[in-house]
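J.: Pasting in a structure now, in structure tokens, and then I'll have a few things to ask.
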Amino acid sequence: MAVQEQNSIRHDWTRDEVLAMFNQPFNDLLFDAQVMHRRHFNPNSVQLSTLLSIKTGACPEDCKYCPQSARYDTGLEKEKLLEIETVIEAAKVAKASGSSRFCMGAAWRSPHDRDIPAVAHMIREVKALGLETCMTLGMLSEEQSGKLADAGLDYYNHNLDTSKEFYGEVITTRTYQDRLNTLANVRNSGMKVCAGGIVGMGEEQKDRAGLLMELANLPHHPESVPINMLVKVAGTPMASEEDLDPFEFIRTIAVARLMMPKSYVRLSAGREEMNEQMQAMAFMAGANSIFYCDKLLTTPNPKANSDMQLFERLGIKPEEYQVDKNSEEQEADLHQVIAESKTDLLFYRAG
Ligand code: SF4
């Protein structure tokens, strides 16, 4: 489908239309996606988010890809909800490193009402540092969404993970509709939505198309769309899934860009295993956001330095980077913040 026909924001995609985009010649698809990307974004700018696990492991859910599920023996060390001081220190490091958004993830089915004051405190403190805030805490009720919005939370992450049809192969402890309900609660409370999924879990192309169709056919497109490549963690039921063809991953990014032209499409988990050429191709296909930290919840992520070197070679600038400071001043700031930190900081991956 020519990009000229895809000028408007649509919420009525059919799976056949989406599959037709997936199956265009690769160069045509990438060209269309890049043209669409340039209509709405600076093509040489990438938004940086940092993700911190604020409560790790012992999750009662059974997501088959996740090392944080209590059902799988992955050797992961559990941690209780972090102290506020630890979160503030991590946020300062993230800001000094160039991140514009600080995401906090807790391995919960859903937060208990008694946890809300503590996470609301985290939101207020991180915002006071001048960072955008995002949380991923599991399912939210209408009332909980309202409380997080009142605390000033900018984004809430809750992924659909995959298509409606394949979902049962991945998770059995919550339904697809539960996820849609949480997204509706988040949207209705006035927060921005971060919702995407995972590819490479053994699903078929029609499921990748189905995932993007569900996201793009929501009443409002999510402002942020993370596309994760499965990280195969030993001990999880998906540890020995077959690798997804890297070009199919790039096609998924490009189709997401065409269907949700104004959303940030985030190259998320799995980036550690992508070479620089593949990451560059993902940016070409319309990805314009990354997680920028050493770990994503519990899985490795490229080191911040190698990200900056790749950006330099590609002529990419971090969005909202502090342009009033040169790189030496930025680095000095970062070292000072790290030196002043009293604890070891752990950065991890989103659920
Ligand atoms: S993905 Fe989230 S909800 Fe699922 S097991 Fe992991 S932490 Fe729990």
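Residue numbering for the sequence shown follows the numbering used here, beginning at 662 and increasing consecutively. Cβ atoms here follow ideal geometry from the backbone N, Cα and C, with glycine treated the same way.
Would you mind listing the alpha helix (DSSP H) stretches within the region 694 to 763 that are 4+ residues and don't spill past its ends, in chain order?
T.: Runs of the alpha helix (DSSP H) inside the region 694 to 763: 745 to 757.
J.: Helix, strand or coil for PHE952, going by three-state DSSP, please let me know.
T.: Three-state DSSP puts PHE952 in a strand.
J.: Do you know how far the Cα of PHE827 is from the Cα of LEU928?
T.: Rounded to whole angstroms, LEU928 to PHE827 spans 22 Å at the Cα level.
J.: Looking at the structure shown, is MET852 part of a helix, part of a strand, or coil, going by DSSP?
T.: Coil, per DSSP.
J.: Report yes if the C-beta of GLN805 is less than 8 Å from at least one heavy atom of the ligand SF4; otherwise report no.
T.: No.
J.: CA-CA distance, MET781 and ALA810?
T.: Here residue 781 is Ala; the residue named in the question, Met, does not match the sequence. Distance between the alpha carbons of ALA781 and ALA810 is about 9 Å.
J.: Determine whether the beta carbon atoms of ALA755 and LEU792 lie at a separation below 9 Å.
T.: The answer is yes: Cβ separation under 9 Å.
J.: Going by the CB atoms, is the gap between ALA877 and ARG671 shorter than 9 Å?
T.: For ARG671 and ALA877, yes; Cβs fall inside 9 Å.
J.: Name the DSSP beta bridge partners of MET796, please?
T.: DSSP, once it has assigned bridges, lists MET765 and TYR817 as partnering MET796.
J.: Could you pull the start and end residues of the beta strand (DSSP E) that ILE888 belongs to?
T.: Taken as a continuous stretch (DSSP letters only), the beta strand (DSSP E) holding ILE888 covers 885 to 890.
J.: Take ARG785 and list the residues in its own chain whose beta-carbon comes closer than 7 Å to its own, dropping the five residues that flank it on each side.
T.: Result list for ARG785: ALA812 and GLY813, in chain order.
J.: Straight-line CA distance for ASP673 to LYS825?
T.: Those two C-alpha atoms are separated by around 16 Å.
J.: In whole angstroms, what is the alpha-carbon distance linking GLU746 and GLY829?
T.: Going from the Cα of GLU746 to the Cα of GLY829 covers about 39 Å.
J.: Are the C-beta atoms of GLU875 and some chain B residue less than 9 Å apart?
T.: Structure shown: chain B not included; a single protein chain is present.
J.: Mapping DSSP to helix, strand and coil, what is GLY807?
T.: Correct three-state label for GLY807: helix.
J.: Please state the DSSP three-state secondary structure of LYS923.
T.: It is coil, neither helix nor strand.
J.: Throw me the rounded Cβ distance for the ALA946 and ILE914 pair, which I believe falls under 8 Å.
T.: Confirmed, Cβ separation roughly 4 Å.
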